[in-house]
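Engineer: Sharing a structure below in structure tokens format, with a few things to ask.
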Amino acid sequence: MTTIDHAMIDLHPRPLGTALLRGWCKRCPNCGAGPMMSGYLSVREHCPVCMEELHHHHSDDGPVYLTVLIVAFIAAPLMFWAHLALRPDPLVLTSVFTIGCIATALYLLPRLKGVMVALQWAKRMHGFGDRG
1 MTTIDHAMID LHPRPLGTAL LRGWCKRCPN CGAGPMMSGY LSVREHCPVC
51 MEELHHHHSD DGPVYLTVLI VAFIAAPLMF WAHLALRPDP LVLTSVFTIG
101 CIATALYLLP RLKGVMVALQ WAKRMHGFGD RG
């Protein structure tokens, strides 16, 4: 027979889609009103609006790997197409794609970190479920 720990059952579900969208917008996954980030990649200790603790996150290198993966999947076909169709000078091609890749990575990185923190919050990972 299985036992149910009633302390672990939370009456308030955490919708994954809403949390991920709020994370993409760099907002608190709980209320959506407060900012999640205190800097470019620094996550606040808690939301200034609803006081939800955000320090439990363990995003580590996940957002970086996702950023590199997405940028590579966008840049590689575009670079291949540009090389075949436009035939630009190699220095021009390299310069344009270097700037484009850096700009895309800088745009995606904080948003993907917000998504990772929101995913952990919605799934109650790494201590996000302790408070209920």
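Position 66 of the sequence shown, counted from 1, bears residue number 66 in UniProt numbering, the numbering being contiguous throughout. Every residue gets a Cβ at the ideal spot worked out from N, C-alpha and C, and that includes glycine.
1. Buried or exposed for G132, please, with buried defined as at least 16 other CB atoms from any protein chain shown within 10 angstroms of its CB.
2. Per DSSP, what kind of secondary structure is H46 in: helix, strand or coil?
3. Tell whether a beta-carbon distance below 8 Å holds between H58 and H12.
4. When the distance is taken between beta carbons, is C50 closer than 8 Å to C28?
5. Is P110 buried or exposed, if buried means 16 or more other CB atoms sit within 10 Å of its CB?
6. Within its chain, find whatever has a CB closer than 7 Å to the CB of L66; leave out the 5 residues flanking it on each side and keep chain order.
7. Would DSSP call G132 helix, strand or coil?
8. Relative to the alpha-carbon of A118, which residue among R87, E53 and I74 has its alpha-carbon at the smallest distance?
9. Taking buried to mean at least 16 other C-beta atoms within 10 Å of its own C-beta, is L69 buried or exposed?
10. Whole angstroms is fine: what's the gap from F73's alpha carbon to M79's?
11. Identify the residues that DSSP records as bridge partners of E53: which are they?
12. Under the assumption that A19 contacts W121 (Cβ atoms under 8 Å), give the Cβ distance between them as a whole number of angstroms.
Structural biologist: On the basis of the data shown:
1. Its pLDDT being 48, under 50, G132 is placed unreliably by the model, and the measurement read from it follows with that caveat. Exposed.
2. strand
3. no
4. yes
5. buried
6. L112
7. Any reading at G132 needs caution, since the residue's pLDDT is 48, under 50, leaving its predicted position unreliable; the model's value is listed next. Three-state result, G132: coil.
8. E53
9. exposed
10. 10 Å
11. H46
12. 6 Å
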